[in-house]
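Q:
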Amino acid sequence: MKLIEKQLGRTDIYKGRIIEVAVDDVELENGAKSKRELVMHPGGVCVAALTGQDEMLFVRQFRYPYQEVVLEAPAGKLERGEDPFEACKREQREETGTTAEQYLNLGLLYPTPGYCDEILHLYACRITGYGESQLDEDEFLEVERIPLQKAVEMVMDNTIKDAKTQVLVLKAARLVEQKKL
């Protein structure tokens, strides 16, 4: 098996401020034809920002698609052409008012590979500076500190539902356990 699909054509459906939607005609490896619906997204960043007491910073914000307040790690969308590491530091500062001197790159996350090309860049840090948050004019959130081990329990009992945050909590907990963070 080659496990590949060849794009034969594309129909653009929608172009918005954040996403674009298209339908691609594809040829499967057995020669059969099919269609793939695709959401194109510029990607994003997310950071596990830890205090010296192994507390992790979270933000609570209303998420319209779910019609509920969601507990998440600080995160944000990449601007076109923006360096993910710089975006991570920007989002951390904007949402929590904190900074750090050193960061660990925790890799990439494909949140919805069945239909979306979004890639999230994950980072972790120890907070070294505190200041005021600098929220965007359309951003409303509350910052919360939660002990890392409590956050692991919240992932396991599904109190934390956000996928990127679940991954960051578990990776950060493992790194702290191994004394690498």
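With full-length UniProt numbering, the residue at position 30 of the sequence shown is 30, and numbering never jumps. Note that CB positions come from ideal geometry on N, CA and C, so glycine has one too.
Whole angstroms are fine: how far does the CA of K164 sit from the CA of C46?
A: Position 46 of the sequence shown, counted from the first residue, corresponds to residue 46. Position 164 of the sequence shown, counted from the first residue, corresponds to residue 164. So the alpha carbons of these two residues sit roughly 7 Å apart.
Q: Out of curiosity, what's the CA-to-CA distance linking F140 and G44?
A: Counted from its first residue, the sequence shown places residue 140 at position 140. Counted from its first residue, the sequence shown places residue 44 at position 44. Near 18 Å, if we compare the C-alpha coordinates of G44 and F140.
Q: Nearest-angstrom Cα distance between Q149 and Y66?
A: Taking the first residue of the sequence shown as 1, we reach residue 149 at position 149. Taking the first residue of the sequence shown as 1, we reach residue 66 at position 66. About 26 Å.
Q: Return the chain-ordered ranges of every beta strand (DSSP E) run that is complete within the segment 116-179 and spans a minimum of 3 residues.
A: Counting whole runs of 3 or more residues, the segment 116-179 contains the beta strand (DSSP E) stretches 120-130 and 142-147.
Q: Just checking my contact of I4 with E29 at CB under 8 Å: how many whole Å lie between their CB atoms?
A: For the purposes of this step, residue 4 is identified with residue 4 of the sequence shown, where counting begins at 1. For the purposes of this step, residue 29 is identified with residue 29 of the sequence shown, where counting begins at 1. 6 Å between Cβ atoms; contact.
Q: So, at 8 Å on beta carbons, what are the nonlocal neighbours of K33 in its own chain, with the 5 sequence-adjacent residues on each side left out?
A: Start at 1 with the first residue of the sequence shown, and residue 33 comes out as number 33. Only L8, D25, V26 and E27 meet the Cβ criterion.
Q: At which residues does the alpha helix (DSSP H) containing K89 begin and terminate?
A: Here residue 89 refers to the residue found at position 89 of the sequence shown. Run containing K89: P84 to T96, per the alpha helix (DSSP H) assignment.
Q: Does Y110 come out as helix, strand or coil in the three-state DSSP assignment?
A: Counting from 1 along the sequence shown, the entry for residue 110 is found at position 110. Y110: coil per DSSP, three-state reduction.
Q: Whether or not the segment 64-80 and the segment 163-179 are in contact is what I'm after, with contact meaning three or more pairs of Cβ atoms, one per stretch, closer than 8 Å; do they touch?
A: Verdict: yes, contact present.
Q: Determine the closest residue to T98 out of G107, N105 and C88, with distance taken between C-alpha atoms.
A: The sequence position of residue 98 within the sequence shown is 98, counting from 1. Ranking the options by Cα distance to T98, first place goes to C88.
Q: Sort G114, I119, P113 and Y115 by Cα distance to G107 and report the nearest one.
A: The residue labelled residue 107 in the question sits at position 107 within the sequence shown. Among G114, I119, P113 and Y115, the Cα nearest to that of G107 belongs to I119.
Q: Have a look at D117, V70, D54 and E91 and flag the residue whose alpha-carbon is nearest the alpha-carbon of Q61.
A: If you number the sequence shown from 1, residue 61 lands on position 61. Comparing Cα-Cα distances from Q61 to each of D117, V70, D54 and E91, the minimum goes to V70.
Q: Relative to the alpha-carbon of L122, which residue among E153, L135 and A172 has its alpha-carbon at the smallest distance?
A: The residue you call residue 122 lines up with position 122 of the sequence shown. For the residues E153, L135 and A172, the minimum Cα distance to L122 belongs to A172.
Q: State yes or no: is the C-beta of R93 within less than 9 Å of the C-beta of G131?
A: Here residue 93 corresponds to residue number 93 of the sequence shown, with the count starting at 1. Here residue 131 corresponds to residue number 131 of the sequence shown, with the count starting at 1. Yes; because the gap between Cβ atoms is below 9 Å, this pair is in contact.
Q: Take Y103 and list the residues in its own chain whose beta-carbon comes closer than 6 Å to its own, dropping the five residues that flank it on each side.
A: Residue numbering aside, residue 103 sits at position 103 when the sequence shown is read from its first letter. Counting only Cβ-Cβ distances below 6 Å, and skipping sequence neighbours, we find Y123 and C125.
Q: I'd like the list of long-range same chain contacts for E79, defined as Cβ closer than 8 Å, with 5 residues on each side in sequence excluded.
A: The residue labelled residue 79 in the question sits at position 79 within the sequence shown. Closer than 8 Å at the Cβ level, and outside the excluded window around E79, lie P42 and A87.
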